[in-house]
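This report refers to the structure that appears directly beneath it.
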Amino acid sequence: MKILKTPYRRDPPRAKTYTSAGRRIEMEDSRQRSCEKIFRPGEPYFLLACTSYFHTIAQPGDWRRRIGTDYLAVTLVLAGETAVRIDDASFIAEKDELIFLPPGSDYETGTLTESERSALILRGSALESLLRGMDLKRTFPAPPGSDLREIYDRLYALLKEPSENQPGLVSRLSFSLIDLASSLTGKETMPENLRDLLSWIARNLNHPQNAAGLADRIHVSTATLNRIFRKYLNTSPRKYLITLRMETALRMMKEPDFRVKEIAAAVGCPDPANFSTVFRKFHGFSPGKMRSGR
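All letters in the sequence shown, in the order written, are residues 3 to 296 by my numbering.
Below, the structure is given as structure tokens:
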């Protein structure tokens, strides 16, 4: 990696804005050639999933910028040099280096010499918690002898030809990329029992859950469960459940086919009136106002 003393910035046209999962995102027009894109929407209740694959052959002058994204882009440089700016950090990524473009950041990439890159887009309810504490504003050498290329190839194949087992396989491979980021940054990886518990919570969101029951599932005390959640997710089990339910409900509210009563049941709130109260308190507006567009 080469550090740039002055920030890498283009003078692009005015940014366009859009909203995803309640987050305001700016997207500036970009110019990239020979970009193969595969997209499959991920299972909405998964904690983490790869939803897109890009393979790009870029020419000098090609560039892109994103502001406030809701995803993690994991880019492997296969050839050439790419200038990168993540917020206030600017550098040049070279062959066999990894770039992690984190959610919520203002990032910009520009092609300096003819380049080839592969990128995976990861999304999920646990993404920001998993990345908390990682310093990703730099490049990382692809670990020698790692199965990184195989992960890219397998995710490419799974997204291109979906199967019955695809969601689970995609999620596991996506977690392996987070594990790689953890090892490269020196951050302690989330323990497997917590990861399994979070996956179980997401799959059973329509059932009532509480801290005592969750602690029993992984054979620890309620106090220990609270410490684990605080350490790795920076929240309590109760707040985690509320956040997951309300964020899932918000995504479902955007689909006109779901009635409010059905959404409430799907996120473990059998009483629609209580669901509306919690939804309004969490998001600042009621389900009815959201549906009416007011």
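Beta carbons: idealized from backbone N, C-alpha and C, even for Gly.
Can the beta-carbon of residue i be found closer than 8 Å to that of residue j?
i	j	result
Leu186	Phe142	yes
Glu118	Pro62	no
Ile123	Tyr73	yes
Leu138	Ala183	yes
Ser107	Phe56	no
Met255	Ile244	no
His285	Leu246	no
Arg2	Phe177	This structure does not reach residue 2, given that the chain is present from 3 up to 296, and the question cannot be answered.
Val76	Phe102	yes
Leu297	Ile180	In this structure the chain extends from 3 to 296, so residue 297 is not present and cannot be described.
Arg87	Tyr109	yes
Ser288	Phe281	yes
Pro193	Gly270	no
Asn228	Arg134	no
Glu99	Ala144	yes
Arg140	Ala91	yes
Output the distance between the C-alpha atoms of residue i and residue j, rounded to the nearest integer angstrom.
i	j	result
Gln34	Arg67	Low confidence applies here, because Gln34 scores a pLDDT of 47, under 50, leaving its location unreliable; read the following figure in that light. Going by the C-alpha atoms only, they are around 12 Å apart.
Gly290	Gly112	44 Å
Thr226	Glu130	22 Å
Val172	Ser54	11 Å
Asp89	Leu50	24 Å
Glu96	Thr58	15 Å
Gly44	Thr279	With a pLDDT of 43 at Gly44, under the threshold of 50, the predicted position of this residue should be treated as unreliable, though the coordinate-derived value follows. Approximately 29 Å between the Cα atoms of the pair.
Thr19	Phe93	At Thr19, the pLDDT of 45 sits below 50, so the modelled position is not reliable; the number obtained from the coordinates is stated separately. The straight-line gap from Cα to Cα measures roughly 26 Å.
Arg232	Ser238	6 Å
His221	Ala213	12 Å
Pro164	Pro105	26 Å
Lys283	Leu207	19 Å
Ala128	Asp218	22 Å
Glu28	Asp64	With a pLDDT of only 46 at Glu28, under 50, the local geometry of the prediction cannot be trusted, and the value read off the model is given with reservation. Taking the straight line joining both Cα atoms gives about 19 Å.
Met292	Ile69	25 Å
Leu160	Arg174	12 Å
Ala275	Met248	14 Å
Arg261	Gln168	28 Å
Ala268	Lys241	18 Å
Gly215	Asn195	15 Å
Ser223	Ser201	19 Å
Gly188	Asp273	44 Å
Phe41	Met136	In this prediction, Phe41 scores a pLDDT of 47, lower than 50, which makes its location untrustworthy; the coordinate-derived value is nonetheless stated afterwards. Looking at the two C-alpha atoms, the distance is approximately 27 Å.
Following the continuous beta strand (DSSP E) through residue i, name the residue where it begins and the one where it ends.
i	result
Ile220	No beta strand (DSSP E) contains Ile220, which DSSP labels as neither H nor E.
Leu103	99-103
Glu110	108-113
Ala128	No beta strand (DSSP E) contains Ala128, which DSSP labels as neither H nor E.
Please tell me whether residue i has its Cβ less than 8 Å away from any Cβ of chain C.
i	result
Glu110	The structure shown contains no chain C; it is built from a single protein chain.
Output the boundary residues of the alpha helix (DSSP H) element that contains residue i.
i	result
Phe287	Counting along the chain, Phe287 falls outside any alpha helix (DSSP H), and DSSP gives it neither H nor E.
Leu50	Careful: Leu50 lies outside any alpha helix (DSSP H) and carries neither H nor E.
Ala225	224-235
Thr250	239-255
For residue i, which residues does DSSP report across the bridge?
i	result
Asp181	The partner list for Asp181 (beta bridge, DSSP) is empty, contrary to what the question assumes.
Glu118	Ile59, Ala81
In chain order, each beta strand (DSSP E) run of at least 3 residues that lies wholly inside the segment 57-92: 65-69, 74-81, 84-88
Unbroken stretches of the beta strand (DSSP E), 3 residues or longer, contained in the segment 133-209: 141-143
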